[in-house]
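Student: Residue numbers (the working numbering): -19 to 117.
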């Protein structure tokens, strides 16, 4: 009986081992496909780069007086079209409605972005921009 249990457990472990190897191979294949997919994508960018975008927002954002005590992170999403225009502006994470309105206003004033591409073909692409606000003291 002990031999039967030992053989059964050994066979069970061998089956688990092959299943784990199969899952690992699937995972490795998925990671490799994702890396290939990511290398095919060129994300949209603001003229002058990320620092220029941060400077632009800081220069053009006017903190609403009614919200001077509110701080936090607003996440805004928009689409950068094939021509570099910013469309479909949406607040994904809000801090305060007045701050959200000002973020949307500033996003509407962006100059044209450098459009993104996938496998060398220019495409409309989403852009997610987190903006952190610290209340004025």
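Where is the CB? At the ideal position from N, CA and C, for every residue including glycine.
Alpha carbons only, please: which of 60, 46, 84 is nearest the one belonging to residue 106?
Tutor: The residue you call residue 106 lines up with position 126 of the chain shown. Taking only the C-alpha atoms, the option nearest residue 106 is 60.
Student: If I'm right that residue 149 touches residue 26 with Cβ under 8 Å, what's the distance once you round it to whole angstroms?
Tutor: The first residue shown for the chain is -19 and the last is 117, placing residue 149 beyond what the model contains.
Student: Rounded to whole angstroms, what's the CA-CA distance from residue 84 to residue 69? Just pull it up for me.
Tutor: The residue labelled residue 84 in the question sits at position 104 within the chain shown. The residue labelled residue 69 in the question sits at position 89 within the chain shown. C-alpha separation (whole angstroms): 7 Å.
Student: Quick check on the DSSP output: the alpha helix (DSSP H) that includes residue 85 runs from which residue to which?
Tutor: Indexing the chain shown from 1 puts residue 85 at position 105. Residues 77 to 88.
Student: Rank 46, 67, 80, 38 by C-alpha distance to the C-alpha of residue 55 and give the top, closest one.
Tutor: Along the chain shown, one-based indexing puts residue 55 at 75. Among 46, 67, 80, 38, the Cα nearest to that of residue 55 is on 80.
Student: Taking just the CA atoms, how far does residue 44 sit from residue 78?
Tutor: Counting from one through the chain shown, the residue named residue 78 turns up at place 98. Counting from one through the chain shown, the residue named residue 44 turns up at place 64. Near 7 Å, if we compare the C-alpha coordinates of residue 44 and residue 78.
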